[in-house]
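*Asks:* The opening position of the sequence shown corresponds to residue 5 in our numbering, with each subsequent residue numbered one higher. Just so you know, even glycine gets a beta-carbon here, dropped at the ideal spot from N, CA and C. Only a predicted model underlies this, so the values are computations on that prediction, with no experimental measurement involved. Pasting a structure here, questions to come.
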Amino acid sequence: NYSLTYDRLSPDYANDSEPNVNAGQALDTLDAGVPRDGQINFEYGDADDWHRILAPNDGVITVTVLAEHADAAPGTMNLRLRNSSSTVLQTWTVNVGASGTPMTNTFTRNCTGAEVHYFLTFDAPSVCGASYRISYTVAAPFYGDDAEPNQSAGPAIIADAGTNYDGRLSFE
């Protein structure tokens, strides 16, 4: 005679809406300041997660990820910031906590623009069955945006002497 029992540890964070393994499937925009839970690499062909974002303003994006999995050894996965054409702008390594204890990761990037959407994508997890919670904020630059278009002499505004004008350059 023998008896068999087992325990199943539930992931800390709920599954994300599927499918979302590419830009075309990432239709639900994640708003700034709103956390979203997700799971990746749970042995059902989900080793990539794409989340569409739209910055509320130009500035510095700060992305926070809490990540964990049930095994005793910690792991990693990639987080990529992509532009609206899916081109990778930045790659960060997310540390994934062990034994169901999340690790907190914080990443920043300058020059985020509010004119187009971006994607935050997870891929290449080194562990099986990671769950995560992702959120982001965008800190506005000190100076306001300038009147557009003004990228050449023709549409340039006439600047009055003694008047200060705000402006920004190179926000993606």
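Tell me which residue opens and which closes the beta strand (DSSP E) that Arg40 is part of.
*Replies:* In the sequence shown, residue 40 corresponds to position 36, counting from 1. Start and end: 40-44.
*Asks:* When you compare only the Cα positions, how much space is there between Leu13 and Asn19?
*Replies:* For the purposes of this step, residue 13 is identified with residue 9 of the sequence shown, where counting begins at 1. For the purposes of this step, residue 19 is identified with residue 15 of the sequence shown, where counting begins at 1. About 14 Å.
*Asks:* Between the alpha carbons of Ser130 and Tyr6, how many angstroms are there, rounded?
*Replies:* Within the sequence shown, residue 130 is the residue found at index 126, counting from 1. Within the sequence shown, residue 6 is the residue found at index 2, counting from 1. Computed Cα separation, rounded: 35 Å.
*Asks:* Hey, Asp127 and Tyr147: beta-carbon distance below 8 Å or not?
*Replies:* If you number the sequence shown from 1, residue 127 lands on position 123. If you number the sequence shown from 1, residue 147 lands on position 143. Not in contact: Asp127 and Tyr147 (Cβ atoms no closer than 8 Å).
*Asks:* List, from N- to C-terminal side, the beta strand (DSSP E) runs of 3 residues or more that fit wholly inside the region 94-140.
*Replies:* 107-116, 122-127
*Asks:* Do you know whose CA, among Leu173, Ser139, Pro106, lies nearest Gln155's CA?
*Replies:* As a working note, residue 155 is residue 151 in the sequence shown. When each option's Cα is compared against that of Gln155, the closest is Leu173.
*Asks:* Roughly how many whole angstroms lie between the Cα atoms of Ala74 and Phe123?
*Replies:* As a position in the sequence shown, residue 74 is number 70, starting the count at 1. As a position in the sequence shown, residue 123 is number 119, starting the count at 1. Near 27 Å, if we compare the C-alpha coordinates of Phe123 and Ala74.
*Asks:* Counting only runs of 3+ residues fully inside the region 57-87, write out the beta strand (DSSP E) ranges in chain order.
*Replies:* 63-72, 79-86
*Asks:* Got a sec? Which residues, its chain only, sit under 7 Å from Val92 by beta carbon, not counting five neighbours each side?
*Replies:* Here residue 92 is taken as the residue at index 88 of the sequence shown, counted from 1. For Val92, where only same-chain residues beyond five positions count, the Cβ hits under 7 Å are Arg84, Arg86.
*Asks:* Suppose you measure from the CA of Ser139 to the CA of Thr9; what does that come to, to the nearest Å?
*Replies:* Start at 1 with the first residue of the sequence shown, and residue 139 comes out as number 135. Start at 1 with the first residue of the sequence shown, and residue 9 comes out as number 5. Whole-angstrom Cα-Cα distance: 38 Å.
*Asks:* Out of curiosity, what's the CA-to-CA distance linking Pro15 and Ser88?
*Replies:* Along the sequence shown, one-based indexing puts residue 15 at 11. Along the sequence shown, one-based indexing puts residue 88 at 84. Taking the straight line from one Cα to the other gives about 31 Å.
*Asks:* Leaving aside the five residues before and after Gly37 along the sequence, list all residues of the same chain whose C-beta is less than 7 Å from its C-beta, in chain order.
*Replies:* In the sequence shown, residue 37 corresponds to position 33, counting from 1. Ser139, Thr141, listed in sequence order.
*Asks:* Taking Gly133 and Asn45 to be in contact with their CB atoms under 8 Å, please state how far apart those CB atoms are, rounded to whole angstroms.
*Replies:* In the sequence shown, residue 133 corresponds to position 129, counting from 1. In the sequence shown, residue 45 corresponds to position 41, counting from 1. That pair is a contact at about 6 Å.
*Asks:* From Thr108 to Ala71, what distance separates their C-alpha atoms?
*Replies:* Translated into the one-based positions of the sequence shown, residue 108 becomes position 104. Translated into the one-based positions of the sequence shown, residue 71 becomes position 67. Straight-line Cα distance between these residues: approximately 7 Å.
*Asks:* To the nearest angstrom, report how far apart Gly42 and Ala118 are at their CA atoms.
*Replies:* Here residue 42 refers to the residue found at position 38 when the sequence shown is read from its first residue. Here residue 118 refers to the residue found at position 114 when the sequence shown is read from its first residue. Using only the alpha carbons, I get a separation of about 25 Å.
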